[in-house]
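To keep things clear, I will list the structure first and then write my remarks on it.
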Ligand code: AMP
Ligand code: MG
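Numbering (the numbering used here), first residue to last: 5 to 191.
What follows is the structure, encoded as structure tokens:
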């Protein structure tokens, strides 16, 4: 599951955990990555990771993928809270390199979105994070890139691509949309 910062990935996932009867194992990619970054590079700020060199970010990403494969062993339902496109100072970086698609084999790739003005406002209100304050146009650009990456990952892996809107006041609809996936057919 991915989306721009402020789209509400973590909020949707937390709510989903509350309402699902099934046991869902949730893993936050950024948390796994920052734990490895602390050990290897002495970095403690999760919002600083995307400003590391591409080589370092890629190293952390691959190590995080292996850790996640280990953690998810034997789990029936797994949700990964992550990003489709990482906005680095040198350009966007794929959040799902081929190793992730091959080793984790996601069945459904979900993009959480919201209106850009709402995302902008949520970032302003969130004092717990050191998020860059971007313009509405920057957010729109990131959203377009996310969709492009989503389609690429889906085409590469055969996974479903699902876009879920999490507009203000519509958290329940977003959660229900994802919840329905657990009762459709085999999944
Ligand atoms: P979050 O708390 O979800 O905003 O994630 C914190 C940070 O973790 C992001 O800003 C990225 O630097 C990193 N991160 C999360 N998912 C990925 C991924 N799939 N590939 C590379 N970096 C990631
Ligand atoms: Mg989050």
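For every residue, glycine included, the Cβ atom is placed at its ideal position computed from N, Cα and C.
- Rounded to the nearest whole angstrom, the C-alpha separation of residue 74 and residue 108 is 10 Å.
- Secondary structure at residue 100: coil, using DSSP grouped into helix, strand and coil.
- In this structure residue 123 is not in contact with residue 34, their Cβ atoms being roughly 17 Å apart against a cut-off of 8 Å.
- The closest heavy atom of the ligand MG lies 7 Å or more from the beta carbon of residue 19.
- When the beta-carbon positions are compared, residue 58 and residue 94 come within less than 8 Å of each other.
- The secondary-structure analysis by DSSP pairs residue 115 across a beta bridge with 6 and 167.
- Not a single heavy atom of the ligand MG lies less than 7 Å from the C-beta of residue 134.
- For residue 91, the beta-bridge partners assigned by DSSP are 96.
- For the pair residue 184 and residue 110, the CB atoms are not nearer than the 8 Å cut-off.
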